[in-house]
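Student:
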Amino acid sequence: MPKTALITGVSGQDGAYLSRLLLQKGYRVVGSVRRTAAPRMSRLMELGIENDIEPVELDLTEITNVMRAIEHAKPDEIYNLAAQSFVAVSFEQPILTAEVGALGNARLLEAIRTVDPKIRLYQASSSEMFGKVADRTKLQNENSPFHPRSPYGVSKLFAHWLTVNYRESYGFFAVSGILFNHESPLRGREFVTRKITAGLAEVKHGRREILSLGNLEAQRDWGFAGDFVDGIWRMLQRPAADDYVLATGTTTSVRGFCELAAERLGFAIDWKGKGDGETGIDRKSGKTIIRIDPRYYRPAEVDYLLGDAAKARRELGWSPATTLADLVTMMVEADDLRVRENRLLY
11 MPKTALITGV
21 SGQDGAYLSR
31 LLLQKGYRVV
41 GSVRRTAAPR
51 MSRLMELGIE
61 NDIEPVELDL
71 TEITNVMRAI
81 EHAKPDEIYN
91 LAAQSFVAVS
101 FEQPILTAEV
111 GALGNARLLE
121 AIRTVDPKIR
131 LYQASSSEMF
141 GKVADRTKLQ
151 NENSPFHPRS
161 PYGVSKLFAH
171 WLTVNYRESY
181 GFFAVSGILF
191 NHESPLRGRE
201 FVTRKITAGL
211 AEVKHGRREI
221 LSLGNLEAQR
231 DWGFAGDFVD
241 GIWRMLQRPA
251 ADDYVLATGT
261 TTSVRGFCEL
271 AAERLGFAID
281 WKGKGDGETG
291 IDRKSGKTII
301 RIDPRYYRPA
311 EVDYLLGDAA
321 KARRELGWSP
331 ATTLADLVTM
341 MVEADDLRVR
351 ENRLLY
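Quick note, the sequence shown lines up with residues 11 to 356 if you use this note's numbering.
This is the structure:
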């Protein structure tokens with residue numbers, strides 16, 4: 011009998027790549043959709059799997075609906091990827107962020123406890139839980155202290171510890187994957203990496219004049235989402251449940267990501283000015299193509315994240331296969347084509 015997986019957030023970046031992986035492994039894949047919002051299936055369509063996903067109505071703000079969805083799907087595994095996932099928006103919508111990201115996880119855990127405690131659960135935790143890193147000489151691993159700096163990070167931390175609590179209290183097979191930033195051509199344009207690759211592609215093709223960004227000095231550990239979903243799946247195949255960091259172990263600034271993307275689009279950036287007045291000028295044309303806009307600063311910034319995935323390498327046999335250079339090339343080429351074809355869908 012093939013396994014059945016229920017994926018919340020199936021239409022997002024991670025949901026799409028995970029769905030494809032599970033289908034390749036012979037799973038029956040059930041994906042949650044909400045009646046109150048038209049499902050955005052464009053990512054699944056881009057991977058050519060939209061017709062292979064069995065939809066089920068599931069809204070994490072309503073526990074009876076969650077229970078009925080689980081009873082209908084009868085999953086062996088649940089991957090909880092649903093959330094208000096954009097950090098900047100969480101400052102403007104903290105209650106919604108908590109309702110879905112924190113309490114949504116609580117409802118899901120309670121529904122599993124009621125319907126079928128044998129279901130294996132993956133909870134999508136986040137490197138944003140580490141937040142304000144006190145010691146930059148150390149990489150962040152499963153035992154590093156948490157200090158979230160946004161409502162999004164706080165909501166993820168609640169869900170993370172509640173997952174641990176249910177595992178210890180009720181013997182659930184429930185794991186939390188603490189994933190560092192993972193990007194792809196399917197990333198939403200609200201995230202800084204896609205904002206950069208799509209925005210600079212639009213500048214190249216004359217669709218806009220300037221790309222506006224916030225903090226250029228923030229450093230992140232960026233990997234490829236297609237690599238990370240393999241680690242997610244491996245977590246639920248272990249004989250015992252535990253929590254794992256997935257990361258590349260290298261960190262790059264937003265400025266560095268800009269430079270890599272710009273180079274692949276034929277630009278060469280020179281930086282002029284300081285602070286809010288800094289601009290990025292294309293050396294070849296002399297035109298300003300990047301500027302700083304303070305509106306994109308976070309109220310509390312996460313300046314530095316760098317993950318240690320040694321435990322995942324040791325116990326899961328997982329390691330990232332895609333370099334940052336290859337990831338940037340992949341994203342730039344996809345957005346360059348989309349802009350030329352006038353189809354920036356997400």
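We put the beta carbon where it would ideally sit given N, CA and C, even for glycine. Note that the structure is a prediction, hence the values are computed from the model and not measured.
In this structure, what does DSSP give as the bridge partners for THR18?
Tutor: ASN90
Student: Within the same chain, show all residues whose beta-carbon is closer than 6 Å to that of PHE277, passing over the 5 residues directly before and after it, in chain order.
Tutor: ASP292
Student: What does a CB cutoff of less than 8 Å around TYR180 pick up in its chain, not counting 5 residues either side in sequence?
Tutor: ARG123, PRO127
Student: By Cβ distance below 6 Å, which residues in the same chain neighbour TYR27 in space, the five residues on each side in sequence not counted?
Tutor: ALA235, GLY236, VAL239
Student: Mapping the DSSP letters down to three states, classify ILE299 as helix, strand or coil.
Tutor: strand
Student: Would you verify that the beta carbon of LEU315 is, or is not, closer than 8 Å to some beta carbon of chain B?
Tutor: As a matter of chain content, chain B is missing from the structure shown, which is built from one protein chain.
Student: Identify whether SER135 lies in helix, strand or coil by the three-state DSSP scheme.
Tutor: strand
Student: So, SER194 versus SER100, is the Cβ gap smaller than 8 Å?
Tutor: no
Student: For GLY327 versus TYR254, is the C-beta distance shorter than 8 Å?
Tutor: no
Student: Does DSSP put ALA47 in a helix, a strand or coil?
Tutor: Low per-residue confidence applies at ALA47: pLDDT is 49, beneath 50, and the placement is therefore not dependable, though the value from the model is reported in the following sentence. The answer is coil: DSSP assigns ALA47 none of H, G, I, E or B.
Student: Are the beta-carbon atoms of THR262 and LEU210 separated by less than 8 Å?
Tutor: no
Student: If we require 3 or more residues per run, which beta strand (DSSP E) segments fall completely within the region 159-227?
Tutor: 184-189, 221-223
Student: Under three-state DSSP, which class holds TYR37?
Tutor: coil
Student: Which residues does DSSP list as the beta-bridge partners of LYS282?
Tutor: THR289
Student: In whole angstroms, what separates the C-alpha of LEU337 from that of GLU81?
Tutor: 39 Å
Student: Can you tell me whether TYR307 is helix, strand or coil according to DSSP?
Tutor: coil
Student: Could you tell me the alpha carbon to alpha carbon distance between VAL110 and GLN103, rounded to whole angstroms?
Tutor: In a straight line, the C-alpha of VAL110 is about 11 Å away from that of GLN103.
Student: For the candidate residues LEU275, ALA251, GLU212, whose alpha-carbon lies nearest to that of THR393?
Tutor: Examination of residue 393 is not possible in this model, given that the chain is present from 11 through 356 alone.
Student: Got a sec, what are the start and stop residues for the alpha helix (DSSP H) GLU109 sits in?
Tutor: First-last of the alpha helix (DSSP H) with GLU109: 104-111.
Student: Which value, in whole angstroms, describes the spacing of the CA atoms of GLU288 and LYS282?
Tutor: Separation of GLU288 and LYS282 (C-alpha to C-alpha, rounded to the nearest whole angstrom) is 6 Å.
Student: Find the nearest neighbour of LYS214 within the set ALA272, MET77, LEU106, judged by alpha-carbon distance.
Tutor: Distances from the alpha-carbon of LYS214 to those of ALA272, MET77, LEU106 put ALA272 closest.
Student: With 16 as the cutoff for other CB atoms within 10 Å, does THR207 come out buried or exposed?
Tutor: buried
Student: If you reduce the DSSP assignment to three classes, tell me which class VAL312 lands in.
Tutor: In this structure, DSSP gives VAL312 a state outside helix and strand, which the three-state scheme calls coil.
Student: Do GLY198 and TYR356 come within 8 Å of each other at the CB atom, strictly closer than that value?
Tutor: yes
Student: Secondary structure at ARG2, three-state DSSP: helix, strand or coil?
Tutor: Only positions 11 to 356 of the chain appear in the structure, and residue 2 is not among them; the question remains open.
Student: Return helix, strand or coil for GLY233, following the three-state DSSP convention.
Tutor: strand
Student: Which two residues bound the contiguous alpha helix (DSSP H) that contains GLU56?
Tutor: 52-56
Student: Taking the alpha-carbon of THR298 as reference, which of GLY58, GLU219, ARG130 has the nearest alpha-carbon?
Tutor: GLU219
Student: Do LEU118 and VAL164 have their C-beta atoms within less than 8 Å of each other?
Tutor: no
Student: Work out the CA separation of MET55 and VAL43 for me, nearest whole Å.
Tutor: 15 Å
Student: Give me the Cα-Cα distance between ALA144 and ASP318, rounded to the nearest whole angstrom.
Tutor: Their backbone Cα atoms lie some 16 Å apart in a straight line.
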